[in-house]
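*Asks:* Please see the structure below; I have some questions.
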């Protein structure tokens, strides 16, 4: 009896960690941002910095998070595409997306945990390799390589994955295959996410869904791991490039945080095959946009 109580107590402590760690990191990050940029967080700074455009950025944050939370990918690519199309400078949009993702992925991870969408074993396999890949990519992008050079290759790779996913979705039965080298997949996904401005979801989620994994737990787990990946890359980018565009950042954060619970809830309601087709179509559209801009 005493042994069972100890086991239950340990399990309860581990469950609290899944919620406590993201909350502590987000509160700590917010405190640091307010301390270092207190002028922007005063009432005068708030009123003077926000106007009707804020609603546009808020709407972009809502839509991007709905896409990412329900399909497991596309937040960075979707929000960046909208921001650039609206006329936001690339430097501001890149900073805003990376900083806002630190909050939206945290809210998404908590929401997926609340709705029971997370496979903890899968998250543990993805977490550390993904973080190492994202930090490496962010550092190299800041000092060594040009991310635009790699974008065409990742766009082509994602289109190939999209075709595989759609073909599997249209089959009457999908045979689940064991996914090998999850660590290598996570390193590659984290690296390309930092270097290419997006790619964790399209690379990792697409590969896992293409291997026949359950969409609900795959999307929930990949989103949960993405919090750590986004946090690591976001901190790295902040150290090298600073922070710009508070109006855009806060609009994306609020929009993403508001829609994260709805997105996590919708994962349980959307059927497997339509979801996989939607994932494939989304990847193709985003990849074609990336290629068209580069060409």
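Numbering (our numbering), first residue to last: 949 to 1243. Think of the CB as a built atom: it goes at the ideal place given N, C-alpha and C, for glycine as much as any other residue. A quick note: this is a predicted structure, and the numbers were derived from the prediction, not measured.
1. So is residue 1116 buried or exposed if we call it buried at 16+ other beta carbons inside 10 Å?
2. Do residue 1022 and residue 1045 have their beta-carbon atoms positioned less than 8 Å apart in this structure?
3. Compare the Cα-Cα distances from residue 971 to each of 1033, 1000, 1199 and 1053 and report the closest residue.
4. Suppose you measure from the CA of residue 1004 to the CA of residue 1237; what does that come to, to the nearest Å?
5. Would you mind giving the Cβ-Cβ distance between residue 1168 and residue 1060, rounded to the nearest angstrom? I have them listed as a contact below 8 Å.
6. Three-state secondary structure (DSSP) at residue 1117?
7. My parser needs the alpha helix (DSSP H) runs of 4 or more residues fully inside the segment 1147 to 1199; what are they?
8. Excluding the five sequence neighbours on either side, which residues of its own chain have a C-beta within less than 6 Å of the C-beta of residue 1015, listed in chain order?
9. Quick one: Cα of residue 1153 to Cα of residue 1195, how far?
10. Indicate the three-state DSSP secondary structure (helix, strand or coil) for residue 1055 in the structure shown.
11. Among 1000, 1030 and 1050, which one has its Cα closest to the Cα of residue 1234?
12. So what's residue 1233 in DSSP terms, helix, strand or just coil?
13. Grouping DSSP H, G and I as helix and E and B as strand, with all else coil, what is residue 1081?
14. In whole angstroms, give me the CA-to-CA distance for residue 1205 and residue 1224.
15. Compute the distance between the beta-carbons of residue 1081 and residue 1020, then report whether it is under 8 Å.
16. Under the assumption that residue 1172 contacts residue 1055 (Cβ atoms under 8 Å), give the Cβ distance between them as a whole number of angstroms.
17. By the 10 Å Cβ neighbour count, where 16 or more other Cβ atoms means buried, how is residue 1064 classified, buried or exposed?
18. Measure the beta-carbon distance from residue 1057 to residue 1175 and round it to whole angstroms, keeping in mind my assumption that it falls under 8 Å.
19. Measuring alpha carbon to alpha carbon, tell me which residue in 1051, 1074, 1183 and 973 is nearest residue 1151.
20. Which of helix, strand or coil does DSSP assign to residue 1005?
21. So, residue 1170 versus residue 1018, is the Cβ gap smaller than 8 Å?
22. DSSP three-state call for residue 1000: helix, strand or coil?
23. My output table needs one value for residue 1036: the three-state DSSP class, helix, strand or coil.
24. Should residue 1101 be labelled buried (16 or more other beta-carbon atoms within 10 Å of its own) or exposed?
25. Using a Cβ-Cβ cut-off of 7 Å (strictly less than) and excluding sequence neighbours within five positions of residue 1002, which residues of its own chain qualify?
26. Give a yes or no on whether the C-beta atoms belonging to residue 1158 and residue 1050 are separated by under 8 Å.
*Replies:* Reading off the structure:
1. By the 10 Å Cβ count, residue 1116 comes out buried.
2. For residue 1045 and residue 1022, no; Cβs fall outside 8 Å.
3. Of the candidates 1033, 1000, 1199 and 1053, 1053 places its Cα closest to the Cα of residue 971.
4. Roughly 21 Å between the two C-alpha positions.
5. The pair is a contact, with the Cβ atoms about 4 Å apart (cut-off 8 Å).
6. Reduced to three states, the DSSP call for residue 1117 is helix.
7. Fully enclosed alpha helix (DSSP H) runs of 4 or longer: 1154 to 1158 and 1163 to 1189.
8. Answer for residue 1015: 1022 and 1026, listed in chain order.
9. Spanning the two alpha carbons is a distance of roughly 31 Å.
10. Secondary structure at residue 1055: helix, using DSSP grouped into helix, strand and coil.
11. Ranking 1000, 1030 and 1050 by Cα distance to residue 1234 puts 1030 first.
12. In this structure, residue 1233 counts as helix in the three-state DSSP scheme.
13. Here DSSP, grouped into helix, strand and coil, assigns residue 1081 to helix.
14. Each residue's alpha carbon lies about 25 Å from the other.
15. Residue 1020 sits away from residue 1081, with the two beta carbons spaced by 8 Å or more.
16. Actually they are not in contact, since the Cβ atoms of residue 1172 and residue 1055 sit about 11 Å apart, beyond 8 Å.
17. With fewer than 16 neighbouring CB atoms inside 10 Å of its own CB, residue 1064 falls in the exposed class.
18. For a cut-off of 8 Å, the C-beta gap from residue 1057 to residue 1175 is around 4 Å, short enough to register as a contact.
19. Comparing Cα positions, the closest option is 1074.
20. In the structure shown, residue 1005 sits in a helix (DSSP, three-state: H, G or I).
21. In this structure, residue 1018 does not lie closer than 8 Å to residue 1170 by Cβ.
22. Residue 1000: coil per DSSP, three-state reduction.
23. It is coil, neither helix nor strand.
24. Result: exposed.
25. Here the set comprises 1195 and 1199.
26. Taking 8 Å as the Cβ cut-off, residue 1158 and residue 1050 do not qualify as a contacting pair.
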